[in-house]
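Residue numbers (this note's numbering): 602 to 1008.
To start, the structure itself, in structure tokens.
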Ligand SMILES: Cc1cc2nc3c(=O)[nH]c(=O)nc-3n(C[C@H](O)[C@H](O)[C@H](O)COP(=O)(O)OP(=O)(O)OC[C@H]3O[C@@H](n4cnc5c(N)ncnc54)[C@H](O)[C@@H]3O)c2cc1C
């Protein structure tokens, strides 16, 4: 690949998802010249998760962005409800969280990413190049000293003190750097489709008992995620008939609407659960799904990606202003974030079977019964889902007075 120009930055972040944009904004606010490369022109991909957890809302508040966030159309979920065998049960309760807001906010992820991109555009040290793909690290010996990229104007190079791979679970940069994640599980897929709804109609967020439906209320329609065992979807008439029958058993009220779906209306999203052993090389750090692909169970992947970004900015911003971080300094990010990630991945793994299992009897499983009998347990699950383990506080930035727009 022939480069036709060379850019420089203190840090180049490949990937403008939750992890990459959050890190870009935090580093730029902390005085680190940061370039974010995003391969798409906009953030309008269909589904990358729509849940912004109380701890992420706290981070937005620390950054002075919470009011702007809350002004976006969103729906608050103060409790996670599950309909199981026709009964409505509480899975998690956020009302006692030690956070400013005590609800998960649902909003399309592109609105959240646009908010971060807007916040970045107000920072003189933040640049976002859209339609620009990070291709591979540039190395000198064993050291990564930048990244080769391709944008609308052709190929170019970015030289930087640090390259951050925040380009998701199929990370190009990670692969080109020879970093291979360990697979933890891949036992499920998700079928993704919309159903029309009456404006006042409500449905429980989770409906289980014969496979699982996650129902996201988008106001004018329901966005449905139907969890199925990995590799079992056949995109043909038989597959569609079987899917309609499962969904109708789970939610009889949806039978007519799901019957009207065609094959083109249903998208298959594959789920993987994996993690890198080492998140860095000299000059390169992977965060978010590039370091640990998350499953949708519990809807926590975005939150973890954001927590990684905060921990990275806290640990590395003061260093990046001055020089390249050492290997030991890079390793600090994994040391801080690996345990919370591993615990949540373990919980996600444990949830896969119950999410997929057909109801064997009308009897409610023991853990669900315990949650109904002992309400304090719902606050424990609320804490795990809403805040996670070892929540990060934003230390590396403050909104800067007089920051100019670079748009
Ligand atoms: C089916 C499914 C449903 C999910 N639902 C939820 C949910 O409801 N809530 C939740 O919290 N989590 C959910 N998750 C997990 C969540 O999507 C991820 O954990 C989260 O998006 C990770 O954020 P990230 O920034 O690390 O990566 P991503 O969100 O994957 O962002 C990576 C970004 O990098 C860009 N990119 C990729 N390659 C390149 C390249 N070479 N150069 C430049 N840019 C590049 C991509 O376009 C993208 O914008 C779900 C996951 C799956 C599979």
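Just so you know, even glycine gets a beta-carbon here, dropped at the ideal spot from N, CA and C.
Taking 4 residues as the shortest admissible run, the segment 913–985 contains the following complete alpha helix (DSSP H) segments, listed from N- to C-terminal end: 928–957, 967–974. DSSP links residue 868 through a beta bridge to 793.
With a cutoff of 7 Å on beta-carbon distance, residue 957 and residue 805 are scored as not near each other. For residue 768, the secondary structure class from DSSP, reduced to helix, strand or coil, is coil. If you check the C-beta of residue 734 against ligand 1, you find a heavy atom less than 6 Å away. Counting along the chain, residue 614 sits inside the beta strand (DSSP E) bounded by residues 607–615. When only Cα atoms are considered, residue 651 and residue 693 end up about 18 Å apart. Per the C-alpha coordinates, the member of 655, 620, 608, 629 positioned closest to residue 989 is 655. In the structure shown, residue 804 falls within a coil segment according to DSSP collapsed to helix, strand and coil. Annotation for residue 636: the continuous beta strand (DSSP E) segment containing it runs 635–638.
Not one heavy atom of ligand 1 sits closer than 6 Å to the Cβ of residue 830. Contact between the segment 784–800 and the segment 817–826 is present: 3 or more CB-CB pairs across the two stretches fall below 8 Å.
DSSP links residue 758 through a beta bridge to 607, 749.
According to the DSSP assignment, residue 851 belongs to the alpha helix (DSSP H) that extends over 838–851. In the three-state scheme derived from DSSP, where H, G and I count as helix and E and B as strand, residue 817 is classed as strand. Each residue's CA atom was taken as its position, placing residue 703 and residue 664 some 18 Å apart.
In the DSSP assignment, residue 860 falls within the unbroken alpha helix (DSSP H) covering 856–860.
For residue 700, the Cβ stays outside the 6 Å cut-off from all heavy atoms of ligand 1. Taken from the Cβ of residue 928, every heavy atom of ligand 1 lies 6 Å or farther away. A buried status is given to residue 882, since no fewer than 16 other beta-carbon atoms sit within 10 Å of its beta-carbon. DSSP, read as helix, strand or coil, puts residue 669 in helix. With contacts defined by Cβ atoms closer than 7 Å, residue 910 and residue 624 form a contacting pair. In this structure, the C-beta of residue 833 stays at least 6 Å away from each heavy atom of ligand 1.
Burial check for residue 721: the Cβ neighbour count within 10 Å reaches 16 or more, so the residue is buried. A Cβ-Cβ distance of about 12 Å is found for the pair residue 764 and residue 736, leaving them out of contact under the 8 Å criterion. Taking C-beta atoms as the reference points, residue 789 and residue 908 fail to come closer than 7 Å.
Residue pairing of residue 822 in beta bridges, as defined by DSSP: 797. At a threshold of 6 Å, residue 675 does not count as near ligand 1, since its beta carbon sits no closer than that to any of the ligand's heavy atoms. A direct Cα-to-Cα measurement between residue 889 and residue 949 gives close to 16 Å.
Rounded to whole angstroms, residue 891 and residue 809 show a C-alpha spacing of 30 Å. Residues of the same chain with a CB within less than 6 Å of the CB of residue 642, apart from the 5 flanking positions on each side, are 731, 732 in chain order.
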